[in-house]
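In what follows, a single structure is set out as structure tokens and then discussed.
Protein chains in written order, with this note's numbering: chain L, 160 to 232; chain G, -19 to 176.
Next comes the structure, spelled out in structure tokens:
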């Protein structure tokens, strides 16, 4: 049932865990997605993060790999 | 919210970065998405991408070499020499890969060596960057800060190149380059940690 998914808990990572994850995984094996606004991304972003502002996310899902792990912020 | 949306849409493994960038202790990259993306077209074959990266690495190496001549502190000189050596190593790996792709003798691609662009790895213009940072480069901590910043920007640029690239084999070249930058960053970060 779809409504159940709305309450699914999402695994989360703390900053240090994200850092470790990035250090331990090869590039190309995961996606890092920055859903903030372009101005925020421009000031500071995690290296290699892909900017997809939240309002646009639903429109570009087909460009992302559903099998790849994703870290989102 | 974004993470829930992705999970709801069938993405298999999604993590929410709790605290986001505000909680990030490490270095970050800066600049808009399109920064220096005009250095590539997006349809480059692996060999051409290696040529581009080789030029960027070479220009950065030349930058460090130029600074060495202007620095008197021996520890700073030693660090700069180490940075030059790392760029040289990256270039050797690229040459090796290039020779394999092009089916050449490993010594043959001399043509690459002479193509140094005005742009440093990470996307900075040589002359401008040099005049802006000459003073900072006189101390070990100044050089370390600058090198860390350059490497972060380089990592970010190679990955943005990868997003723009359509060829999977060329993306692979870029992901490998990014992995090398990550390894270099990690050792530089450790060095910076011991100095601070």
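We put the CB at the ideal spot given by N, CA and C, even for glycine. These numbers come from a predicted model, not from an experiment.
Between residue -12 of chain G and residue 156 of chain G, what straight-line distance do the alpha-carbon atoms span, to the nearest angstrom? CA-CA distance, residue -12 of chain G to residue 156 of chain G, rounds to 32 Å.
Those residues which DSSP pairs with residue 125 of chain G across a bridge: In DSSP, residue 125 of chain G forms no bridge with anything.
Is it buried or exposed, residue 24 of chain G, if we count other Cβ atoms within 10 angstroms and call 16 or more buried? buried
Do we get a CB-CB distance below 8 Å when we pair residue 78 of chain G with the residues of chain L? Not closer than 8 Å to any Cβ of chain L, the Cβ of residue 78 of chain G fails to qualify, so no.
When you check each C-beta in the region -19 to -2 of chain G against every C-beta of chain L, which residues fall closer than 9 Å? -19, -18, -17, -16, -15, -14, -13, -12, -11, -10, -9, -8, -7, -6, -5, -4, -3 and -2
Examine chain L for any beta-carbon lying closer than 8 Å to the beta-carbon of residue 111 of chain G, and answer yes or no. no
Only counting runs of 4 or more residues, tell me where the alpha helix (DSSP H) segments fall wholly within the region -5 to 81 of chain G, in order along the chain. 26 to 48
Which residues bound the alpha helix (DSSP H) around residue 191 of chain L? No alpha helix (DSSP H) contains residue 191 of chain L, which is instead part of the beta strand (DSSP E) from 190 to 193.
Three or more C-beta pairs below 8 Å linking the region 123 to 136 of chain G and the region 191 to 198 of chain L: no
Taking Cβ-Cβ distances shorter than 8 Å, what residues in chain L pair up with residue 116 of chain G? Result: empty, since nearest Cβ-Cβ is about 20 Å, beyond 8 Å.
By the criterion of Cβ-Cβ separation under 8 Å, what are the contact partners of residue 197 of chain L in chain G? 12 and 13
Let me confirm a value: residue 160 of chain L is counted as buried when at least 16 other C-beta atoms fall within 10 Å, else exposed. Which label applies? Its pLDDT being 49, under 50, residue 160 of chain L is placed unreliably by the model, and the measurement read from it follows with that caveat. It counts as exposed.
In this structure, how does DSSP classify residue 223 of chain L when only helix, strand and coil are distinguished? coil
With a threshold of 7 Å on Cβ separation, who are the neighbours of residue -4 of chain G within its own chain once the five nearest residues in sequence on each side are excluded? Only -17 meet the Cβ criterion.
Run down chain G in chain order and give the residues with a C-beta less than 7 Å from the C-beta of residue 177 of chain L. Neighbours of residue 177 of chain L on chain G, chain order: -3.
Selection of the region 201 to 228 of chain L by Cβ proximity to chain G, strictly under 9 Å: 201, 202, 203, 204, 205, 206, 207, 208, 209, 210, 211, 213, 216, 217, 220, 223, 224, 225, 226, 227 and 228
For residue 40 of chain G and residue 145 of chain G, I'd like the C-alpha separation in whole angstroms. 23 Å
Proximal residues to residue 33 of chain G (C-beta, below 7 Å), its chain only, five neighbours per side dropped: Excluding positions up to five away in sequence, the list reads 74 and 157.
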